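Those protein sequences? They're chains V and A, same order as listed.
Everything in the first sequence is counted per the numbering used here, starting at -6 for the first residue and increasing by one.
Everything in the second sequence is counted per the numbering used here, starting at 100 for the first residue and increasing by one.
Contents: one structure, followed by commentary.
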Amino acid sequence: GQSLEQPSEVTAVEGAIVQINCTYQTSGFYGLSWYQQHDGGAPTFLSYNALDGLEETGRFSSFLSRSDSYGYLLLQELQMKDSASYFCAVPPNAGNNRKLIWGLGTSLAVNP
Amino acid sequence: NAGVTQTPKFQVLKTGQSMTLQCAQDMNHEYMSWYRQDPGMGLRLIHYSVGAGITDQGEVPNGYNVSRSTTEDFPLRLLSAAPSQTSVYFCASSYRGGNTEAFFGQGTRLTVV
Chain V
-6 GQSLEQPSEV TAVEGAIVQI NCTYQTSGFY GLSWYQQHDG GAPTFLSYNA
44 LDGLEETGRF SSFLSRSDSY GYLLLQELQM KDSASYFCAV PPNAGNNRKL
94 IWGLGTSLAV NP
Chain A
100 NAGVTQTPKF QVLKTGQSMT LQCAQDMNHE YMSWYRQDPG MGLRLIHYSV
150 GAGITDQGEV PNGYNVSRST TEDFPLRLLS AAPSQTSVYF CASSYRGGNT
200 EAFFGQGTRL TVV
């Protein structure tokens, strides 16, 4: 079947760096996306990786290793406003590459 | 830019009642979807549409109907509300689904008593 695994909670302090991992199991691979969701808010798109390597967007970077079915989101220079849930998501298979299945989310708490 | 407009924000229903959650997007996106989000369960796909007149079921379609008569609108109908449908519902749209950037509505907090 198709599934994604990510840690349920991560805690860090302001100014630090944190890595949120995601491992996936799908039939075929059509890219890995990351979304951020603040409490009570809607998910917002952060990044997308189709190929191996690191994609950098400001303080946030996302990494993919297709051979390991693994990716991570790297948040640098953490700020209090980064406290949120982070979700990885992938299309499940070739016949359904327009849908997304989602991890259960990682709740990040940034402390002073 | 309105983006994705979802109404209502909050709703309380009695068991057995029906209602429609509205969703509209003004970005001319092909792909629209409805999710429910429960604590600890992440986002689960209810129904989705790849264009006007085309809809399909997601992971948890039972108890819900959708239609897509226009590109802009994708309403979700609860046929006979049950307490198990208490959840937060999100509508989303994207250019073509998959890993293209999805834009979400503000969500509907539904309580069924």
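Even glycine gets a Cβ: it sits at the ideal position worked out from N, Cα and C.
Computed from a predicted model, the values in this text were never measured in an experiment.
For the stretch 73 to 86 of chain V, which residues have a beta carbon sitting closer than 7 angstroms to at least one beta carbon of chain A? F80, P84
Could you pull the start and end residues of the beta strand (DSSP E) that Q136(A) belongs to? 130 to 137
Please say whether E7(V) and L71(V) have beta carbons closer to each other than 7 angstroms? yes
Roughly how many angstroms lie between the CA atoms of G139(A) and R91(V), to the nearest whole one? 24 angstroms
In terms of residues, what are the limits of the beta strand (DSSP E) holding R208(A)? 207 to 211
Under 9 angstroms from the C-beta of S62(V): neighbouring residues of chain D: No chain D is present in this structure, whose protein chains are V and A.
Proximity test, Cβ basis, 7 angstroms: L97(V) and chain A: yes
Name the residues in the stretch 23 to 41 of chain V whose C-beta lies less than 9 angstroms from a C-beta of chain A; which are they? Y23, G24, L25, S26, Y28, Q30, G33, G34, A35, P36, T37, F38, Y41
Would you give the residue range spanned by the beta strand (DSSP E) that D45(V) belongs to? That residue, D45(V), is in no beta strand (DSSP E); it is neither H nor E in DSSP.
If distances are taken between C-alpha atoms only, which option among Q124(A), T199(A), Q156(A), I145(A) comes closest to Q105(A)? Q124(A)
Under 8 angstroms: do the stretch 162 to 172 of chain A and the stretch 142 to 152 of chain A share three or more Cβ pairs, one atom per stretch? yes
When DSSP labels each residue in this structure, what does R167(A) get in the three-state scheme? coil
Between which two residues does the beta strand (DSSP E) harbouring I153(A) extend? 153 to 156
On the DSSP letters alone, give me the boundaries of the beta strand (DSSP E) that Q121(A) sits inside. 118 to 124
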